[in-house]
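Accompanying notes for the structure given below.
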Amino acid sequence: MTISSLLIIFFQSINLSASSPVFYDLKDLEVLEREKNFEEFLLHVNDIRPSERARHWREMFQNMAMGLVDYKIKTHDFSLETFRQIEQLGRSSAMNTDEFFQVKRSVFAKKYFSECFRKASLMIESLKKDEEKNLCVTELSSFWFFSKKDPDMGLDLAAILESNNSSLKLWPFFAPAIKDSISNFYCKKPAVQQAVMNKLYEETYSLEFNGNYKTLVNRIVPENCFNEMIPNLKEALTSVTSNGLEKEIALSILEAKGLLTKDELDLYAVLFLLDGPVVGDKMNIAWKKVEALSENYPKRQKLLEQIEKLPIIPDKIFKDPNLPRHKAIINLFAKNFPEYLNYYGSTCIKYIANTGTVPLNVSSSYQCNEFLKAAQTIKKEDKGLSTPWVSDSVEGQYSGLRK
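Next comes the structure, spelled out in structure tokens:
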């Protein structure tokens, strides 16, 4: 063999040994554990043959994996590289069933996603901002897919997504809390209740929805969760802050579940019309209920007593009383429930005049003035052809205020 051939073989052996991987044994890992050298330990933790991965190996692995997460949180290392490193650990066969590590993983993930969206929001270039935000959403979706669907984690992620105006559907993040054995605890939270209502509303637009709200609610919301929502559903029917759609679905749900008395149905029908109703079956039913009040004075008085106790008198339709639909509803009340319009008008006069020390349940002087001015105009223009909106006494008092 020539000298050149020997040299070639020599250099080949050097290159081969240089490129050969170095495998660590348990003693090497023990040294790294004592030194708290997390990165090198985890890089070589799987060098140990599967048949030798006994309890001691698993305990070291858990200790170092959790130590790495703690170290990254302590040093505020919330980079994408670190996140993916921890995710790789969390999804490994050794750690994916380890509850202690999964808790640590979730703590880091929440901090990472908050930081990820914060950095994205600071981007000046809109295209770059969208790319960064989409990356945050993608990683969050992946994290949730490979997680144990912890209810509290789901609610935290939903809050992060909502605060960053993400278009990602939030129901999958709320669902574990709503279906949990202690869902009654979670369903006390306003965010959870709103998520349920959003889901129910969305389902009503499905081609498969047949109009049966009772079946819909039973399918989406467990009974112990729904029971926590009943007070707020009833409050939505009397609140001036809820819109027509919110009132309609609340009324449909409560009525379908048999949770409203006849008197409550009458009251909510009146409030539904006065707060800017949505055109549809519920409006038609409410309209007929008000028409039926014409021949029932005792019922009108009972309804008026209930309305007088409300924190704010329902009056959204008085903001634009000359709109055709609003005008038609006001005329309906003038013919069939004039006591309400007179009560509202007289309360408005006290509110505008600012007389007395008792707080009045009027939302603003704007609606009051719009209504009372329109009532005067209607009376002059119609010249007695239609039913007056308020009594001569109320009109006279308002005229006196305007002088």
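Be aware that the sequence shown starts at 0, since it is given in numbering that gives the first Met the number 0, and climbs by one per residue.
Yeah, the Cβ is synthetic: ideal placement off N, Cα and C, and Gly gets one too.
All of these numbers come straight from a predicted model, not from anything done at the bench.
If you look at E207, you'll find it isn't in any alpha helix (DSSP H); DSSP assigns it neither H nor E.
Taking V106 as the centre and dropping the five residues before and after it, the same chain places the C-beta of V68, I72 closer than 8 Å to its C-beta, in chain order.
A Cβ-Cβ separation of about 36 Å leaves N295 out of contact with E227 under the 8 Å criterion.
Apart from the 5 residues on each side of it in sequence, L250 sits with its Cβ closer than 7 Å to the Cβ of L236, Y267, F271, K281 in its chain, given in chain order.
Taking the CA atoms as reference points, L244 sits about 22 Å from F332.
Distance from the Cα of L309 is smallest, within the candidate group D46, V30, Y343, for Y343.
Take the alpha-carbon of N197 and the one of G66: they are about 41 Å apart.
Of all alpha-carbon atoms in N368, S363, T376, V389, the one lying nearest the alpha-carbon of K334 is that of V389. Annotated three-state conformation of S125 is helix, per DSSP. The DSSP-derived three-state label of T96 is coil. The alpha-carbon of E380 is positioned some 14 Å away from that of L371. A residue is called buried once 16 or more other Cβ atoms fall within 10 Å of its Cβ, and P230, having fewer, is exposed. Shown here for F77: same chain residues with a beta carbon closer than 7 Å to its own, the five before and five after excluded, namely K110, Y111, E114 in chain order. Per the coordinates, the alpha-carbon of L156 lies some 21 Å from the alpha-carbon of V220. Beyond the five residues adjoining it in sequence on each side, D97 comes within less than 7 Å, by CB distance, of Q61 in the same chain, given in chain order. A distance below 7 Å between beta-carbons, with the five flanking residues on each side excluded, links Y339 to the following residues of its chain, in chain order: L303, I306, F332. If one requires a minimum length of 4 residues, the alpha helix (DSSP H) runs lying completely within the segment 239-280 are 243-255, 261-273, in chain order. Secondary structure note for E227: its alpha helix (DSSP H) is the uninterrupted segment 222-237.
For L160 against L154, the beta-carbon gap comes to about 11 Å, at or over 8 Å, which does not count as contact. Shortest Cα-Cα distance from A158 to any of V136, D179, S141 involves V136. Taking the Cα of I85 as reference, the smallest distance to any Cα among K256, L42, N353 is reached at L42.
Remark: C-beta atoms of P320 and A285 do not approach each other more closely than 7 Å.
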